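Remarks on the structure that follows.
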Amino acid sequence: MTTQTKPAIHAHRGGRGRRPENTLSAIAYALQHAADGVEVDLCVTADDEIVLHHDLCLNPDATRDARGEWIARRIPIRDLPLDALRRYDVGRVRPGSGYAKRFPEQTPANGARIPTLDECVELLLVNDHRAILNLDAILNLEMKSKPSQPGWTPEPEHYVSLVLKKLERLRFPLERVFLQSFDWELMQLAKRRRPDLNIGLLTRKKSKEYSWIHRNGNKRRTAIRTADLPKLVKQSGGDVWSCDYRGLTKPLLKQASNLKLKVYAWTVNEKPDATRMARWGVDAVTTDYPERCREWFHGRR
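Everything in the sequence shown is counted per the working numbering, starting at 21 for the first residue and increasing by one.
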């Protein structure tokens with residue numbers, strides 16, 4: 021880690037500040053604006069298809085049904101086969117919702133469907149886009165999980181197997197794949213299966229009770245000191261500490277560097293925070309506005 025090198029820029033949820041999150045429209049926008057990586061979220065359908073969606077359930081503030089009506093309740097992705105899931109429109113957010121107020125500059129993409137991981141990879145690789153897309157971009161995949169709701173995801177071993185087998189079949193260069201999760205068990209399983217895979221362990225602003233470390237019926241909740249997070253990430257097999265930038269300090273960054281951990285900071289949307297992360301020497305920032313970070317780090321193109 022060095023303060024001489026600008027952080028890589030990963031477009032959060034494909035760049036939701038400008039386009040509907042986790043859609044092909046967002047991914048294309050991020051690549052066209054020279055993002056170094058695209059961060060998207062993985063869920064699994066009832067028929068074991070891997071799709072891009074942040075929440076493990078359809079979000080009523082971002083989902084319309086086949087009649088164009090906003091859905092009234094959250095529906096688990098895992099309850100729907102792919103063909104049923106594709107009937108929903110995720111191309112805009114509900115007007116007047118908190119989400120809409122947070123991202124007033126988001127351009128709708130009416131008719132957008134929840135994409136599969138296959139479609140995401142195709143967009144990164146297809147020759148027709150060679151002139152306008154950054155084909156060297158990192159594919160930053162967050163495996164979504166909620167151990168308190170085990171029915172919303174496959175069993176951990178099966179979940180990891182689905183993702184790794186899909187990546188192998190798609191023949192996407194593994195050196196350009198970054199896999200991360202708040203569910204550390206998933207990452208440990210993935211690392212055992214593919215030691216050459218670059219994995220990151222996600223943490224929140226303050227360490228409180230990392231329940232995802234404990235599973236298989238063990239309901240004991242263990243508090244973890246923030247000062248111990250880099251060491252714990254390293255001991256748990258992480259290559260990258262993916263941390264909330266608001267909880268990052270210089271001493272923690274130094275500790276991570278001494279442990280040979282890379283540090284990715286999320287979700288950095290304001291210039292003072294971005295420039296501070298760059299000055300401190302983080303390896304990557306995840307942002308809803310990749311074009312802004314590009315300008316802040318490298319000037320106008």
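Idealized CB from N, CA, C, for every residue including glycine.
Here the structure is a predicted model, which means the values were calculated and not measured.
- prompt: Buried or exposed: which applies to R314, given that a residue is buried once 16 or more other Cβ atoms fall within 10 Å of its Cβ?
  reply: By 1-based counting over the sequence shown, the position of residue 314 is 294. Buried: at least 16 other Cβ atoms inside 10 Å.
query: Hey, would you say D308 sits closer than 9 Å to G37, going by beta carbons?
result: If you number the sequence shown from 1, residue 308 lands on position 288. If you number the sequence shown from 1, residue 37 lands on position 17. Taking 9 Å as the Cβ cut-off, D308 and G37 qualify as a contacting pair.
task: Use the C-beta contact count for N218: other C-beta atoms within 10 angstroms, 16 or more gives buried, fewer gives exposed.
output: Within the sequence shown, residue 218 is the residue found at index 198, counting from 1. Burial call: buried.
query: Where does T47 fall in DSSP's three states?
result: Residue numbering aside, residue 47 sits at position 27 when the sequence shown is read from its first letter. For the record, residue 47 in the displayed sequence is Ile; it is not Thr. Correct three-state label for I47: helix.
query: Looking at W90 and D99, is the spacing between their C-beta atoms short of 9 Å?
result: Within the sequence shown, numbered from 1, the residue matching residue 99 stands at position 79. Within the sequence shown, numbered from 1, the residue matching residue 90 stands at position 70. No.
- prompt: Just reading off the alpha helix (DSSP H) that D293 is part of, what are its end residues?
  reply: Your numbering for residue 293 matches position 273 in the sequence shown. Start and end: 291–300.
- request: Would you check if the region 121–132 and the region 104–111 touch, i.e. whether three or more CB-CB distances between them fall below 8 Å?
  value: yes
query: Is the CB-CB distance between A210 and L252 below 9 Å?
result: Start at 1 with the first residue of the sequence shown, and residue 210 comes out as number 190. Start at 1 with the first residue of the sequence shown, and residue 252 comes out as number 232. Contact: no.
- request: Taking L222 as the reference, give the member of E162, Y49, I244 with the closest Cα.
  value: Counting from 1 along the sequence shown, the entry for residue 222 is found at position 202. If we check each option's Cα against that of L222, E162 comes out closest.
- prompt: With which residues is D337 paired in a DSSP beta bridge?
  reply: Examination of residue 337 is not possible in this model, given that the chain is present from 21 through 321 alone.
- prompt: Out of curiosity, what's the CA-to-CA distance linking L145 and E139?
  reply: The sequence position of residue 145 within the sequence shown is 125, counting from 1. The sequence position of residue 139 within the sequence shown is 119, counting from 1. Roughly 10 Å separates the two Cα atoms.
task: Mind reading off the beta-carbon distance from A157 to A55? Whole number of angstroms is fine, and I expect it under 8 Å.
output: Working through the sequence shown from its first residue, we reach residue 157 at position 137. Working through the sequence shown from its first residue, we reach residue 55 at position 35. Sure, about 6 Å apart at Cβ, within 8 Å.
- prompt: Who are S262's beta bridge partners in DSSP?
  reply: Translated into the one-based positions of the sequence shown, residue 262 becomes position 242. Beta-bridge pairing links S262 to L222, Y284.
- prompt: So, are the CB atoms of G34 and L72 less than 9 Å apart?
  reply: Within the sequence shown, residue 34 is the residue found at index 14, counting from 1. Within the sequence shown, residue 72 is the residue found at index 52, counting from 1. Yes, the Cβ-Cβ distance between G34 and L72 is below 9 Å.
message: If you reduce the DSSP assignment to three classes, tell me which class H318 lands in.
response: For the purposes of this step, residue 318 is identified with residue 298 of the sequence shown, where counting begins at 1. Looking at H318 - three-state DSSP - the assignment turns out to be helix.
Whether W316 touches A298 by CB criterion (9 Å): Sequence index remark: in the sequence shown, residue 316 carries index 296 (1-based). Sequence index remark: in the sequence shown, residue 298 carries index 278 (1-based). Closer than 9 Å, so yes.
query: Below 9 Å between beta carbons: does that hold for L281 and D259?
result: In the sequence shown, counting from the first residue as 1, residue 281 sits at position 261. In the sequence shown, counting from the first residue as 1, residue 259 sits at position 239. Yes.
- prompt: If you count every other CB in all the chains shown that lies within 10 Å of the CB of Q208, and 16 or more means buried, which is it?
  reply: Position 188 of the sequence shown, counted from the first residue, corresponds to residue 208. Buried is the call here.
query: Pick from D216, D203, T295: whose alpha carbon is nearest that of S262?
result: The count along the sequence shown starts at 1 and reaches residue 262 at position 242. Nearest C-alpha to S262: D203.
query: Going straight from the alpha carbon of Q275 to that of D85, what length do you get?
result: Residue 275 sits at position 255 when you count from the first residue of the sequence shown. Residue 85 sits at position 65 when you count from the first residue of the sequence shown. Cα to Cα, Q275 sits roughly 48 Å from D85.
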